[in-house]
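Residue numbers (our numbering): 37 to 222.
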């Protein structure tokens with residue numbers, strides 16, 4: 037009888053070893069349950085990143101922290117009317133040579149800018165105050181580091197800063213947008 041008890045315990049031990057060895061192998065449940073859960077997680081991460089995180093990063097990077105205000109019908113109509121005339125009156129400042137900050141004159145920026153204004157009066161005002169206009173643009177652009185000027189995403193911020201500076205210097209002139217037709221860093 038002692039041997040039968042030993043044989044039974046050995047048989048149980050062998051069965052438990054076989055069970056643990058079979059559990060160590062690959063289970064099809066991993067594919068059936070795990071793979072769809074993994075794919076759902078990937079899709080969720082993509083949508084969170086694309087729809088929530090990236091817009092916040094772009095807003096913070098461009099410097100526009102304030103949320104856009106809701107416009108009434110009259111303001112929206114006036115904006116759409118002015119947008120229809122974009123490019124009608126453009127004053128061009130040709131070939132400005134700018135020394136970026138902290139380059140000791142070893143690096144240069146060659147730029148041509150176009151100032152889109154809503155009326156012919158604004159365009160004539162820019163022509164009359166050409167020197168003041170160029171000085172304001174050079175002041176803003178020469179205060180920027182080479183890394184900022186070389187970054188394509190920074191151009192919108194640069195446009196905003198130039199526009200704000202021109203509002204200070206030429207308060208009567210309204211500017212729709214600023215175009216960079218030539219922008220060469222050397």
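Cβ atoms here follow ideal geometry from the backbone N, Cα and C, with glycine treated the same way.
Judged by beta-carbon spacing, residue 213 lies beyond the 8 Å limit of residue 140, meaning their Cβ atoms are not closer than that value. Ranking 217, 218 and 173 by CA distance to the CA of residue 205 puts 173 first. Its Cα nearest to that of residue 148, the residue 220 stands out among 192, 220 and 184. Counting C-beta atoms within 10 angstroms of its own C-beta, residue 166 has fewer than 16 neighbours from the protein chains shown and is therefore classed as exposed.
Straight-line measurement puts the Cα of residue 68 at about 59 Å from the Cα of residue 121.
Using a C-beta cut-off of 8 Å, the segment 127-137 makes contact with the segment 180-188, since at least three inter-stretch Cβ pairs fall below that distance. In the DSSP assignment, the residues bridged to residue 216 are 149.
Residues 147, 149 and 191 of the same chain have their beta carbon placed closer than 7 Å to that of residue 216, with the five preceding and five following residues left out of the count. Per DSSP, the beta-bridge partners of residue 128 are 150. Inclusion of residue 129 and residue 169 in the CB contact set at 8 Å is warranted, their separation being smaller than that value.
Look at residue 181 here: in three-state DSSP terms it is strand.
Burial state of residue 71 is exposed, judged by a 10 Å Cβ sphere holding fewer than 16 other Cβ atoms.
Under the three-state reduction of DSSP, residue 122 is assigned to coil, being neither helix nor strand. Per DSSP, residue 143 is not a residue of any alpha helix (DSSP H), being assigned neither H nor E.
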